[in-house]
Amino acid sequence: MKASTFEYHPATSVDEAIQLLAANEDAKVLAGGQSPVPLLNMRLARPSLLIDLNGLTDLAYVRRDGGHLAIGALTRHRDVEESELVLKHAELLSLALGHVGHVTIRNRGTVGGSISHADPAAEVPAAMTALDAELVVRGPSGSRTIPVRGFFLGYLMTLLEPEEILTEIRIPLLPDGTGCAVEELTQAQRRLLHWWPSSWP
Ligand SMILES: Cc1cc2nc3c(=O)[nH]c(=O)nc-3n(C[C@H](O)[C@H](O)[C@H](O)COP(=O)(O)OP(=O)(O)OC[C@H]3O[C@@H](n4cnc5c(N)ncnc54)[C@H](O)[C@@H]3O)c2cc1C
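The structure is reproduced here in structure tokens:
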């Protein structure tokens with residue numbers, strides 16, 4: 227199937243993207259494009275306007291900011307996974323990103339896109355929750371900071387307002403010497419854990 231007709235606008239600033247979102251009720255933003263593009267092609271999503279954030283290179287960074295790591299929402303998974311700062315101060319996130327799809331997916335997908343998309347099976351939202359991250363979002367009336375715990379309301383649902391854009395993720399630095407591990411369970415393993423009587427070894 228082919229996507230239905232839509233306008234395409236490459237945003238030149240966050241403010242411009244917010245204005246376009248506010249002025250067009252069914253507009254959507256595009257980051258790595260890995261989730262919306264299949265939805266468009268299957269016509270499960272039919273936005274009238276697609277606002278491309280990929281030109282906003284000032285939203286792609288990892289830096290230390292006092293007691294936090296600040297990660298721009300447009301930073302690609304792979305850049306975060308390989309960041310020396312992330313490996314030193316939030317290794318859990320790097321380990322979790324190693325489980326996201328494969329390298330080609332991680333070269334394109336963005337951390338902000340993964341959090342905004344809110345797929346409960348996704349690694350980035352889970353890692354951000356474990357790391358007690360905060361999310362900086364911007365809308366027509368300015369910026370607000372939301373603790374990631376409480377941001378996810380359900381399947382593909384978050385506290386983001388339709389005209390808001392996630393701009394930055396702030397992660398408190400892990401104390402030196404903190405150890406991290408990430409283990410993933412398949413659906414079948416989860417069922418087995420439910421079924422396994424707790425008295426069994
Ligand atoms: C084959 C394949 C395998 C994958 N495997 C995995 C996996 O194993 N684990 C995993 O976690 N993910 C996986 N993904 C998902 C992928 O890694 C991306 O994380 C995900 O698609 C969202 O990131 P994106 O940058 O592509 O955002 P997009 O797909 O562009 O956007 C996703 C949604 O968020 C909105 N959005 C994007 N950025 C912002 C922003 N800054 N502010 C507000 N709203 C925004 C968009 O409007 C859209 O609704 C896979 C994808 C594919 C295609």
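Numbering (the working numbering), first residue to last: 227 to 427.
Ideal Cβ placement from N, Cα and C applies to all residues, glycine included.
Cβ distance (whole Å) where residue i is taken to contact residue j below 8 Å
{"i": "GLU360", "j": "PRO373", "result": "6 Å"}
{"i": "HIS303", "j": "GLY281", "result": "The pair is not a contact, with the Cβ atoms about 19 Å apart (cut-off 8 Å)."}
{"i": "LEU255", "j": "ILE391", "result": "For the record, residue 255 in the displayed sequence is Val; it is not Leu. Sure, about 6 Å apart at Cβ, within 8 Å."}
{"i": "LEU311", "j": "VAL288", "result": "5 Å"}
{"i": "ASN267", "j": "LYS314", "result": "So it is not a contact: roughly 40 Å between Cβ atoms."}
{"i": "ALA296", "j": "ALA322", "result": "At roughly 18 Å, the Cβ-Cβ gap does not stay under 8 Å, so ALA296 and ALA322 are not in contact."}
Buried or exposed by the 16-neighbour rule on C-beta atoms within 10 Å, applied to residue i
{"i": "PRO427", "result": "The pLDDT assigned to PRO427 is 48, lower than 50, so where the model puts this residue is not dependable, and the model offers no usable value."}
{"i": "LEU300", "result": "buried"}
{"i": "HIS428", "result": "With the chain covering 227 to 427 only, the question about residue 428 has no answer from this structure."}
{"i": "LEU382", "result": "exposed"}
{"i": "GLY380", "result": "exposed"}
{"i": "PRO351", "result": "buried"}
Residue nearest to residue i in terms of C-alpha spacing, selected from the options
{"i": "GLY292", "options": "ASN333, ASP278, GLY405, LEU399", "result": "LEU399"}
{"i": "THR330", "options": "ARG269, PRO236, GLY258, LEU295", "result": "GLY258"}
{"i": "PHE378", "options": "ASP345, LEU313, PRO401, LEU357", "result": "ASP345"}
Start-end ranges of the beta strand (DSSP E) lying completely within the segment 359 to 398, minimum 3 residues
360 to 365, 368 to 373, 378 to 380, 391 to 398
In chain order, which continuous runs of the alpha helix (DSSP H) of length 4 or greater are located wholly inside the segment 274 to 358?
303 to 308, 310 to 315, 317 to 323, 329 to 334, 337 to 343, 349 to 356
Length at least 3, wholly inside the segment 228 to 261: the beta strand (DSSP E) runs in chain order
233 to 236, 253 to 256
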